[in-house]
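Following my numbering, the numbering of the sequence shown begins with 8 at its first residue and continues without gaps.
Cβ coordinates follow ideal geometry from the N, Cα and C atoms, glycine included.
Owing to the predicted nature of the structure, the values given are computational and were not obtained by experimental measurement.
Taking it in order: structure first as structure tokens, then the write-up.
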Amino acid sequence: MEGSTIISVILFAILMTGTPGPNNMMVTASGANFGYWRSVPHITGISVGMASMISLLAAGLGIIFERYPMVHEGLKVVGCAYLLYLAWKIAIAGSMSKTEQKVKAKPMSVFSAALFQYVNPKAWMMSATAVSTFAVSGEHYWLSISIIVTVFFVVGFACVSLWTATGVVIRHWLTSERRTMRFNQTMGALTAACVVMIW
């Protein structure tokens, strides 16, 4: 893979992982509610999920979607339904008492965040486009895939971290229960709005 192609992969990864989407809305809310360090498993899970998805698509999973389009559509429906559920959970987070929040509220785990990528239509689109656009055919195919996976893992972690850090900055403004509730309701609404972009 040529240097210019690697730069293109990096720019594509920045564009895809750095722009608003379900993951970035959720980690912003996580950063505001739990802080950066408690959100690191969520951030890591996103990167791990993306890396595994790109690898699986490179190994031939994309052929299933080509042969059976209904599988892809089904995943999209399930993903949107789950996204709306997560949006609702974010929106009501600030409506619980402080005691309930301490007991019930917790950031997303590595496993949950990685698994979410498989029902996240934007993640499928990013992965499929990355493989189909930048993978090199022939004997260097898997080398090119490993470069794509590495770029998306590193760049994705950095970009998602910035969104989380934004949430941490916003956290200093959330000095009252009312502000926290409004912030979570706004983030929940923005997360739900991602469904419109998906369709």
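In this structure, how does DSSP classify residue i when only helix, strand and coil are distinguished?
i, result
"M115", "coil"
"T106", "Because the pLDDT at T106 is just 43, under 50, the model does not fix this residue reliably, and the point stays unresolved."
"A142", "coil"
"Y92", "helix"
"W180", "coil"
"T51", "helix"
"P27", "coil"
"S9", "Position check: residue 9 holds Glu in this sequence, whereas Ser was assumed. Three-state result, E9: coil."
"N40", "helix"
"Y148", "helix"
"Y125", "helix"
Take residue i as the anchor and find which of the options has the nearest alpha-carbon.
i, options, result
"Y125", "R189, A39, S62 and K96", "S62"
"L169", "I13, V47 and T198", "V47"
"L59", "A196, I152 and T140", "Residue identity check: residue 59 is Ser in the sequence provided, not Leu. With distances taken between Cα atoms, S59 lies closest to I152."
"R207", "T171, G56 and N40", "Since the displayed the chain opens at 8 and closes at 206, residue 207 lies outside it and no answer follows."
"P128", "A36, G81 and W44", "G81"
"V34", "M188, G174 and R189", "G174"
"K113", "V78, A36 and M23", "A36"
Could you check whether the Cβ of residue i sits closer than 8 Å to any Cβ belonging to chain B?
i, result
"K129", "Of the protein chains in this structure there is only one, and it is not chain B."
Within 10 angstroms of its Cβ, does residue i collect 16 or more other Cβ (buried), or is it exposed?
i, result
"W131", "buried"
"V110", "Residue placement at V110 cannot be trusted, given a pLDDT of 44 that sits under 50; the coordinates are not used to answer."
"S116", "exposed"
- Evaluate the contact criterion for the region 154-168 versus the region 179-199: three or more CB pairs, one atom per stretch, below 8 Å. no
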